[in-house]
Amino acid sequence: METKILPIDKDSLALSKSIIERGGAVAFPTETVYGLGANAFDDAAVRNIFAIKGRPSDNPLIVHVHAGYDITKLVSRIPEYTKLLAKAFLPGPLTMVYESHNKVSAAVSCGLDTLAIRVPSHGGAQQFLKYLDLPIAAPSANISKHVSPVTAQHVYDDLKGRVELVLDGGKCSGGIESTVLDCTGDIPCVLRSGLVTADMIAQVVGECHEYVMKEGEKVRSPGMKYKHYSPNCQTVLFEYAERSKAFEEYNKLLNEGRRAYFMCDDGIFKEFHPQNILNLGKDERQIAANLYDKLREGETVADIIVAVAPEKQDGVMVGVMNRMRKAFG
Ligand code: TXA
Ligand code: MG
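Each residue of the sequence shown is one higher than the one before, starting from 2 at the first, in the numbering used here.
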């Protein structure tokens with residue numbers, strides 16, 4: 002199968018509609034990462050998404066809809082606080098998990114009785130979803146366990162020959178996946194951290210829990226138990242306090258003839274000025290936006306990435322550090 006990368010316009014939208022309506026998959030941009038979308042009502046199309054990615058069959062998908070879509074068609078209970086959250090953060094990088102109406106394919110939620118719904122803010126994503134006027138089930142558009150894609154080229158690098166069409170909407174501005182929020186209880190609970198933080202949610206609705214996986218407990222967001230976001234090269238992560246040790250290690254590797262690259266934020270860069278640098282940027286937003294791009298760049302230039310955790314660990318950095326730790330094993 003030939004894989005086309007096309008800008009989002011009348012022709013590519015018409016093509017994407019014909020692909021989706023015959024049960025195929027289309028990669029599309031969002032403000033977080035690129036998604037690999039299929040018609041959520043179509044069982045075979047949803048299963049095909051798992052096959053294309055090599056995704057474990059017990060890791061449920063998020064359904065994406067346009068801003069005008071009536072979600073009461075898909076979910077059975079919409080707590081009042083979700084309306085406040087929708088008003089504050091949607092369209093945007095917040096996915097809310099509701100009790101499902103079981104209208105979409107059972108393969109979407111992998112047998113769970115809940116459904117995750119997201120309304121992305123990316124203009125191209127909205128155009129695509131509006132043009133189709135269907136709920137689109139979409140995981141990130143990478144091979145399972147690899148780094149999530151933040152450009153159309155990243156999608157192409159992973160899924161070339163496996164998807165017909167990648168809609169190109171430029172580099173994703175957010176850079177890490179959406180916050181996944183369980184909204185089935187009286188108090189919302191963050192299952193996956195992202196750009197909409199637990200604090201931001203609590204400010205709107207008064208209270209917000211953060212899920213911590215306990216030993217022996219059934220995981221509430223199955224994606225959390227898998228290795229993720231890993232570049233195809235060796236990696237090692239140092240804590241901020243150990244940044245001098247990290248720099249020594251990087252130099253030692255270079256002296257051994259390794260293609261070592263140093264990944265850190267701009268502040269740490271200015272302390273050490275390493276030659277082979279994967280600079281994540283100045284603040285938490287920049288670091289989130291650059292992380293996957295730099296991991297993907299790293300695997301093409303380095304045989305080992307030596308990374309240092311930024312000093313700041315709260316707010317958006319909770320989500321960033323969660324990905325960094327998973328990527329660096
Ligand atoms: O930003 C994003 O969320 C991107 C873009 C494409 O929208 N999508 C994304 O999808 O990251 P994916 O499949 O890579 O991650 C979906 C996460 C997984 O951790 C999964 O376990 C969780 O959402 N999830 C999906 N449905 C769920 C449900 N019903 N209950 C709990 N967790 C759910
Ligand atoms: Mg993913």
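Virtual Cβ for every residue (Gly too), placed ideally from N, Cα, C.
Under DSSP, the beta-bridge partners assigned to Ala28 are Leu37, Val167.
As the crow flies, the alpha-carbon of Pro275 is around 16 angstroms from that of Val237. The criterion of a C-beta distance shorter than 7 angstroms is satisfied by Pro311 and Asp266. Inter-residue distance for Pro94 and Ala117 is about 13 angstroms (C-alpha atoms, whole angstroms). Here the alpha carbons of Leu296 and Pro80 stand approximately 38 angstroms from one another. Minimum Cα-Cα distance from Ala290 among the listed residues Ala26, Gly320, Ile306 corresponds to Gly320.
DSSP, reduced to helix, strand and coil, places Ile269 within a helical segment of the structure shown. For Tyr262 against Leu279, the beta-carbon gap comes to about 5 angstroms, under 8 angstroms, which counts as contact. About 6 angstroms separates the beta carbons of Leu7 and Asp169, which is inside the 8 angstroms limit, making them a contact pair. Close CB contacts of Thr4 within its chain, under the 8 angstroms cut and outside five residues either way in sequence, are with Tyr157, Leu160, Lys161, Gly162, Arg163, Val164, Glu165, Leu166, Val167 (chain order). Relative to the ligand MG, the beta carbon of Ser194 is positioned no closer than 6 angstroms to any heavy atom.
Secondary structure at Thr96: strand, using DSSP grouped into helix, strand and coil. Counting along the chain, the unbroken beta strand (DSSP E) around Val76 starts and ends at 76-78. Taking C-beta atoms under 8 angstroms as the contact rule, Ile21 and Leu133 qualify, at a distance of about 6 angstroms.
Using a cutoff of 6 angstroms, the CB of Pro150 does not count as near the ligand MG, since none of the ligand's heavy atoms is closer than that. Of the heavy atoms belonging to the ligand TXA, none sits nearer than 6 angstroms to the Cβ of Pro232. Following the DSSP letters along the chain, one finds Phe329 in no beta strand (DSSP E), marked with neither H nor E. For the pair Pro121 and Ala89, the Cα-to-Cα distance works out to about 14 angstroms. If you check the C-beta of Ser110 against the ligand MG, you find no heavy atom less than 6 angstroms away.
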